[in-house]
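Structure record follows, encoded as structure tokens.
Residue numbers (the UniProt record's numbering): 1 to 488.
Right, dumping it as structure tokens:
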């Protein structure tokens with residue numbers, strides 16, 4: 001990005017007769033009103049001939065808030081994903097491109113594969129480019145042709161066959177390249193920063209009046225993207241994290257006063273550590289960024305470790321990489337930022353190992369601490385079976401949306417249903433573990449660890465939960481509701 005924050009688009013809202021509010025996504029016909037439409041090629045696809053009501057009704061929506069009080073607000077709805085009877089691109093007209101940006105995540109290759117196969121097998125598209133090396137690849141002229149044959153078995157590999165990078169977003173150069181190459185469908189697979197980039201590309205495309213659909217597939221191994229149920233690759237990462245926790249448990253249980261310390265990914269959101277701990281049932285303490293902790297004194301981490309070692313003779317601690325940053329920043333140098341603008345975090349695993357060893361040495365107690373850091377191992381694996389299916393559904397949904405002419409949107413599962421979401425909705429805040437939620441209480445019950453929270457910490461968490469609830473109730477940044485907008 002060039003350092004200038006993108007202009008937040010005006011919310012495209014429509015009121016339904018039953019009182020709900022549809023938070024819609026842009027469409028190419030919003031700024032190119034005279035475009036022709038064509039019958040969906042899927043009407044002649046024998047594979048789908050047996051499917052009852054295969055095409056999605058243009059008025060179908062998915063509610064963001066599924067549990068409501070009988071007297072409370074109903075919340076916003078999003079447009080349901082899926083194939084439409086009419087499309088805005090003919091197969092021979094489509095020149096699509098796919099780009100992967102940011103860090104690695106299980107399932108990237110599956111999403112690439114299924115976008116290619118979805119475009120080819122369902123819509124008969126033959127021109128699909130892979131942009132290599134992230135956003136820089138647009139103007140560095142690094143591309144490869146993608147076909148169903150060339151991507152046939154890439155879902156069995158970790159990483160991304162297109163390569164990836166952080167930064168490198170130059171809007172004018174990217175859109176110039178899109179226009180020069182005649183690309184009219186852009187699929188961006190990336191995290192919140194990459195989706196912001198997709199939003200800026202969409203705005204420039206609209207400004208130039210180009211018939212180009214810009215679509216995003218949200219990606220983050222930390223599961224920190226809001227609105228959607230979960231991000232692809234998360235289940236695979238939690239499953240792989242079990243191997244590290246199991247190893248820590250074996251090591252700790254095989255030594256006197258054994259402590260297994262595992263650091264997992266989670267820069268600002270501790271979902272991987274949270275769910276891996278719940279799945280394992282061998283963890284005695286889980287530390288995440290959302291829940292502050294302290295070391296010394298009653299109720300502190302050291303007292304709890306002493307208690308568990310006295311009771312069991314060993315223990316396992318799981319810590320997310322973003323936990324305890326305020327504690328360690330006092331005596332370690334700040335690390336700056338990476339190319340995407342993310343803070344370079346201080347290594348809480350090494351710091352905590354040192355502090356635990358120092359504490360017990362001072363108290364003349366021998367411990368055997370083993371530190372395991374599988375941080376990059378869990379993101380470099382292929383996706384598991386569950387994530388492969390999820391990636392397939394995301395990829396096909398985004399292809400259906402682009403062919404139907406929607407643009408400036410991302411795709412995601414909300415309350416178990418796939419839908420089209422405005423890009424700004426998944427970039428305006430981060431999804432975080434709620435420490436006032438029942439899922440966190442289940443973890444505390446499982447580990448028997450103290451909460452480490454002060455009254456102020458709990459009050460701050462409740463304020464954040466109230467802000468999130470307002471978003472779920474339907475409080476977009478621009479609450480103007482149009483009486484009627486174009487549906488399809």
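Ideal Cβ positions, reconstructed from N, Cα and C, are used throughout, including at glycine.
Sheet register partners of residue 76 (DSSP bridge): 21
Once DSSP output is grouped into helix, strand and coil, what is the label at residue 400? helix
Within its chain, find whatever has a CB closer than 8 Å to the CB of residue 388; leave out the 5 residues flanking it on each side and keep chain order. 107, 110, 155
Residue 136: first and last residue of the uninterrupted alpha helix (DSSP H) it sits in: 136-139
Taking residue 437 as the reference, give the member of 317, 464, 161, 300 with the closest Cα. 464
Between the beta-carbon of residue 163 and the beta-carbon of residue 95, is there less than 7 Å? no
Just list the residues that DSSP pairs residue 100 with in beta bridges. 189
Determine the burial state of residue 431: buried for a count of at least 16 other Cβ atoms within 10 Å of its Cβ, exposed for fewer. buried
State the CB to CB distance for the pair residue 202 and residue 214, rounded to an integer number of angstroms; the pair is presumed to be in contact (CB under 8 Å). 4 Å
According to DSSP, residue 130 sits in a beta bridge with which residue or residues? 98, 144
Within 10 angstroms of its Cβ, does residue 455 collect 16 or more other Cβ (buried), or is it exposed? exposed
Span of the alpha helix (DSSP H), counted from its first residue to its last, around residue 105: Premise fails: residue 105 is in no alpha helix (DSSP H) and is neither H nor E.
Supposed close pair residue 139, residue 177 - CB separation, criterion 8 Å: 5 Å
contact_flag[the segment 394-414, the segment 281-295] where n(CB pairs < 8 Å) is 3 or more: no
Assign residue 371 to one of three DSSP states: helix, strand, or coil. strand
So, under 8 Å CB-CB, residue 63 and residue 72 are touching, yes? Tell me the CB distance rounded to an integer number of Å. Not a contact, Cβ separation roughly 13 Å.
Tell me whether residue 198 is buried or exposed, calling it buried when 16 or more other Cβ atoms sit within 10 Å of its Cβ. buried
Cutting at 8 Å between CB atoms, please list the residues of its own chain near residue 328, excluding the five before and the five after it. 346, 348, 351
Exposure label - residue 448; buried when at least 16 CB within 10 Å: exposed
Quick test of your reading: residue 119 and residue 77, contact by CB under 8 Å. State the CB separation rounded to the nearest angstrom. Residue 119 to residue 77, Cβ: 28 Å. No contact.
Residue 79 to residue 323, Cα distance in whole Å? 37 Å
From residue 101 to residue 204, what does the alpha carbon distance come to, in whole angstroms? 19 Å
Let me know the beta strand (DSSP E) ranges lying completely inside the segment 405-478, each 3 residues or longer, listed in chain order. 409-414, 417-422
Compute the distance between the beta-carbons of residue 420 and residue 401, then report whether it is under 7 Å. yes
Just confirm the distance between the C-beta atoms of residue 244 and residue 372, as a whole number of angstroms; I'd bet it's less than 8 Å. 5 Å
Skipping 5 residues on each side, what residues in its chain have a beta carbon closer than 6 Å to that of residue 189? 100, 111, 217, 219
Neighbourhood of residue 37 by C-beta distance below 7 Å, restricted to the same chain and skipping five residues each side: 86, 87, 88
Are residue 129 and residue 147 close, meaning C-beta to C-beta below 7 Å? no
Residue 489 and residue 250 closer than 7 Å at C-beta: The displayed coordinates of the chain run from 1 to 488. Any statement about residue 489 would go beyond what the structure contains.
DSSP on residue 86, reduced to helix/strand/coil? strand
Residue burial classification, residue 405 (beta-carbon count within 10 angstroms, cutoff 16): buried
Determine the extent of the beta strand (DSSP E) in which residue 317 is found, giving its start and end residues. 314-320
Reference residue 264; option with closest CA among 252, 317, 294, 311: 317
CA-CA distance, residue 248 and residue 67? 39 Å
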